[in-house]
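S.K.: I am attaching a structure below and will ask some questions about it afterwards.
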Amino acid sequence: MIMNFKTVLAAAITAGALTGTAAFAQDTVLRLGHLANEQNIWNKAAMKFADEVAELSEGRIAVEVYPNDTLGSEVDLINGMQLGTADMTITGETLQNWAPMAALLALPYAYTSLEQMDEVASGPIGKEIEQQIIEKAGVRPLAYFARGPRELSANREITTPDDLNGLKLRVPNVPLFLKVWQTLGAQPTPMAFSEVFTSLQNGTIEAQENPLSLVRSANFNEVQSTINLTNHVRSWIYLAISELTWEGLSEEDQAVVAEAAKRTQTYERSLFLENETEIRADLEQKGVTFHEVDEAAFAAKARDAVIGGVSDDLRPTVEQIFAMQH
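In structure tokens, the structure reads:
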């Protein structure tokens with residue numbers, strides 16, 4: 023059930039009034055809402071962040087974690103953070119609706135390895151992206167988490183762009199993703215994530231592309247026999263706080279929150295690496311076959327579409343990111 027912010031805040035205030043001692047023990051309560059479920063590593067990382075904040079602040083700051091979109095959708099939360107009615111979330115390229123540079127978080131075939139992605143995310147380009155998000159979206163990134171690469175699932179092996187041959191493929195409603203898959207030779211269709219399983223089942227679409235964690239949690243393995251390891255989008259996502267909330271914290275408390283976020287980033291990375299290996303093994307056990315693809319052929323065919331598909335303002339930075347590939 024999705025509750026609006028006023029309802030949640032009223033309930034929290036009432037709860038505080040009913041448990042007076044707990045309410046007075048904390049100077050500050052930060053509410054962190056996100057879309058993942060309790061088992062997801064983002065939720066585990068959010069809980070770790072809450073523990074670190076409590077420890078570093080000696081209990082003065084409490085972080086309450088709300089998974090499963092309980093506080094509203096990702097966009098609801100970002101809007102709430104801009105208004106000061108929500109404190110924190112985990113968000114990524116959705117921020118491009120306010121800060122165009124956030125599109126750089128999920129560029130097809132721009133990041134050839136986790137190491138190269140780290141180089142961009144934690145380097146000067148990453149700092150520039152973060153600064154624009156603060157200025158234009160009113161949201162402050164505190165840490166970033168790597169996401170598993172997006173892979174192409176289907177009911178057949180696809181190892182080169184020629185094998186796509188008009189494949190009816192669901193993609194999220196991201197114009198750049200549509201353009202790239204059209205260029206590669208597929209027939210991409212934007213569709214809400216919630217409709218994908220049924221559409222695969224009834225043959226409206228033949229394939230979808232997502233990180234392995236979502237393939238498993240959505241049970242796509244029941245309607246897709248094959249995962250083609252295209253690694254076409256490596257991306258990251260931010261643990262972020264409302265700039266209004268941040269400015270309301272003392273310098274000491276800002277330092278606590280920043281240090282807790284830094285520790286959480288390290289913790290989440292180790293979870294992420296273990297998780298990717300475990301998910302693949304689990305999907306293989308459930309009968310899914312994995313195929314390596316000619317990644318270089320996909321990347322070469324997609325490159326001009328990626329560079330041509332971004333705004334003129336972003337193009338020089340995108341070209342710079344491609345030049346950093348190794």
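Throughout, my numbering is defined as the position within the sequence shown, counted from one, plus 22. By construction, the Cβ of each residue, glycine as well, lies at the ideal position given by its N, Cα and C atoms.
Assign GLU244 to one of two classes, buried (16 or more other C-beta atoms within 10 Å of its C-beta) or exposed (fewer than that).
M.R.: Here residue 244 refers to the residue found at position 222 when the sequence shown is read from its first residue. Classification for GLU244: exposed.
S.K.: With 16 other CB atoms within 10 Å as the buried threshold, where does SER264 fall?
M.R.: Along the sequence shown, one-based indexing puts residue 264 at 242. Result: buried.
S.K.: Helix, strand or coil, according to DSSP, for GLN246 in the structure here?
M.R.: Residue mapping note: residue 246 aligns to position 224 of the sequence shown, counting from 1. In the structure shown, GLN246 sits in coil (DSSP, three-state: anything other than H, G, I, E or B).
S.K.: Quick test of your reading: PHE166 and ILE259, contact by CB under 8 angstroms. State the CB separation rounded to the nearest angstrom.
M.R.: By 1-based counting over the sequence shown, the position of residue 166 is 144. By 1-based counting over the sequence shown, the position of residue 259 is 237. The amino acid occupying residue 166 in the given sequence is Tyr; Phe does not appear at that position. About 7 angstroms separates the two Cβ atoms, so the contact holds.
S.K.: Nearest to PRO122 by CA position, among SER221, THR111, ASP335, MET346, is which residue?
M.R.: Counted from its first residue, the sequence shown places residue 122 at position 100. Measuring from the Cα of PRO122, the nearest candidate turns out to be ASP335.
S.K.: Quick check on LYS70: buried or exposed, where buried means 16 or more other Cβ atoms within 10 Å of its Cβ?
M.R.: Counted from its first residue, the sequence shown places residue 70 at position 48. That one is buried.
S.K.: With 16 as the cutoff for other CB atoms within 10 Å, does GLN246 come out buried or exposed?
M.R.: For the purposes of this step, residue 246 is taken as the residue at position 224 of the sequence shown. The residue is buried, with at least 16 neighbouring Cβ atoms inside 10 Å.
S.K.: Spell out a yes or no on whether the stretch 59 to 70 and the stretch 288 to 297 are touching, meaning 3 or more CB-CB pairs, one atom from each, closer than 8 angstroms.
M.R.: Output reads yes: the stretch 288 to 297 touches the stretch 59 to 70.
S.K.: Do you know how far the Cα of LEU78 is from the Cα of LEU200?
M.R.: Numbered from its first residue, the sequence shown carries residue 200 at position 178. Numbered from its first residue, the sequence shown carries residue 78 at position 56. The straight-line gap from Cα to Cα measures roughly 45 angstroms.
S.K.: Would you call THR107 buried or exposed, if buried means 16 or more other Cβ atoms sit within 10 Å of its Cβ?
M.R.: Walking along the sequence shown from the start, residue 107 turns up at place 85. Answer is buried; the Cβ neighbour count reaches 16.
S.K.: Please report the distance separating the alpha-carbon of GLU296 from that of ARG178.
M.R.: As a first step, residue 296 must be located in the sequence shown, where it is residue number 274. As a first step, residue 178 must be located in the sequence shown, where it is residue number 156. So the alpha carbons of these two residues sit roughly 28 angstroms apart.
S.K.: Could you spell out the range, first to last residue, of the alpha helix (DSSP H) harbouring GLY170?
M.R.: For the purposes of this step, residue 170 is taken as the residue at position 148 of the sequence shown. Unbroken run through GLY170 is the beta strand (DSSP E), 161 to 176; no alpha helix (DSSP H).
S.K.: Please tell me whether LEU206 and LYS323 are closer than 8 angstroms, where the distance is taken between their beta carbons.
M.R.: Reading the sequence shown from its first residue, position 184 is the one you call residue 206. Reading the sequence shown from its first residue, position 301 is the one you call residue 323. Cβ distance < 8 angstroms, so LEU206 and LYS323 count as in contact.
S.K.: Is LEU52 closer than 8 angstroms to THR211 when the C-beta atoms are compared?
M.R.: Taking the first residue of the sequence shown as 1, we reach residue 211 at position 189. Taking the first residue of the sequence shown as 1, we reach residue 52 at position 30. Cβ atoms of THR211 and LEU52: not closer than 8 angstroms.
S.K.: Grouping DSSP H, G and I as helix and E and B as strand, with all else coil, what is ALA44?
M.R.: The sequence position of residue 44 within the sequence shown is 22, counting from 1. Reliability fails at ALA44, whose pLDDT of 37 lies under 50, so the model's placement of it is uncertain and no value is given.
S.K.: One question on the structure: do VAL196 and MET103 come within less than 8 angstroms of each other, judged by their Cβ atoms?
M.R.: Within the sequence shown, numbered from 1, the residue matching residue 196 stands at position 174. Within the sequence shown, numbered from 1, the residue matching residue 103 stands at position 81. No.
S.K.: Would you tell me roughly how many angstroms separate the C-alpha atoms of GLU152 and PRO146, rounded to the nearest one?
M.R.: Reading the sequence shown from its first residue, position 130 is the one you call residue 152. Reading the sequence shown from its first residue, position 124 is the one you call residue 146. When rounded, the distance between both Cα atoms is 10 angstroms.
S.K.: Decide yes or no for the touch test of the stretch 209 to 228 against the stretch 272 to 286: beta carbon pairs closer than 8 angstroms, at least 3 of them.
M.R.: No, the stretch 209 to 228 does not touch the stretch 272 to 286.
S.K.: Quick check: what's the CA-CA separation for ALA352 versus GLU86?
M.R.: Lying outside 23 to 348, the shown extent of the chain, residue 352 is not represented and no answer is given.
S.K.: Round the Cβ separation of PHE312 and LEU236 to the nearest angstrom and send it over; I've been treating them as touching at under 8 angstroms.
M.R.: For the purposes of this step, residue 312 is taken as the residue at position 290 of the sequence shown. For the purposes of this step, residue 236 is taken as the residue at position 214 of the sequence shown. With a Cβ gap of about 16 angstroms, PHE312 and LEU236 do not count as contacting.
S.K.: For the alpha helix (DSSP H) containing THR286, name the first residue and the last one.
M.R.: Translated into positions along the sequence shown, residue 286 becomes position 264. That run of the alpha helix (DSSP H) goes 273 to 307.
S.K.: Label GLY81 either buried or exposed according to how many other C-beta atoms from any shown protein chain fall within 10 Å of its C-beta, with 16 as the threshold for buried.
M.R.: The count along the sequence shown starts at 1 and reaches residue 81 at position 59. By the neighbour-count rule (16 or more Cβ atoms within 10 Å), GLY81 is not buried but exposed.
S.K.: Tell whether a beta-carbon distance below 8 angstroms holds between ARG325 and VAL255.
M.R.: Looking up residue 325 in the sequence shown gives position 303. Looking up residue 255 in the sequence shown gives position 233. Contact flag unset, no.
S.K.: Per DSSP, TRP64 is paired with what?
M.R.: Start at 1 with the first residue of the sequence shown, and residue 64 comes out as number 42. Partner(s): none; TRP64 has no beta bridge.
S.K.: Between which residues of its own chain and VAL298 is the CB-CB distance below 6 angstroms, once the five residues before and five after are set aside?
M.R.: Your numbering for residue 298 matches position 276 in the sequence shown. One point to set straight first is that residue 298 is Glu, not Val, in the sequence displayed. Taken in chain order, the residues that qualify are GLY170.
S.K.: Could you tell me the distance, in whole angstroms, from the CA atom of PHE344 to the CA atom of GLN118?
M.R.: By 1-based counting over the sequence shown, the position of residue 344 is 322. By 1-based counting over the sequence shown, the position of residue 118 is 96. The straight-line gap from Cα to Cα measures roughly 20 angstroms.
S.K.: If you compare alpha carbons, which of GLN347, PHE320, GLU341 is closest to PRO183?
M.R.: Locating residue 183 in the sequence shown gives position 161, where the first residue counts as 1. Nearest of GLN347, PHE320, GLU341 to PRO183, Cα basis: PHE320.
S.K.: Closest by CA to VAL315, which one among ASN253, GLY148, ALA262, PRO233?
M.R.: As a first step, residue 315 is located in the sequence shown; it is residue number 293 there, counting from the start. The residue with the shortest Cα to Cα distance from VAL315 is ASN253.
S.K.: Quick check on DSSP: helix, strand or coil for VAL85?
M.R.: Numbered from its first residue, the sequence shown carries residue 85 at position 63. If DSSP states are grouped into helix, strand and coil, VAL85 belongs with the strands.
S.K.: Provide the residue span of the beta strand (DSSP E) that contains LEU54, from first to last.
M.R.: The residue you call residue 54 lines up with position 32 of the sequence shown. Run containing LEU54: 50 to 55, per the beta strand (DSSP E) assignment.
S.K.: How many angstroms separate the CA atom of SER333 from the CA atom of LEU126?
M.R.: On the sequence shown, position 311 is the one that residue 333 refers to. On the sequence shown, position 104 is the one that residue 126 refers to. Distance between the alpha carbons of SER333 and LEU126: 11 angstroms.
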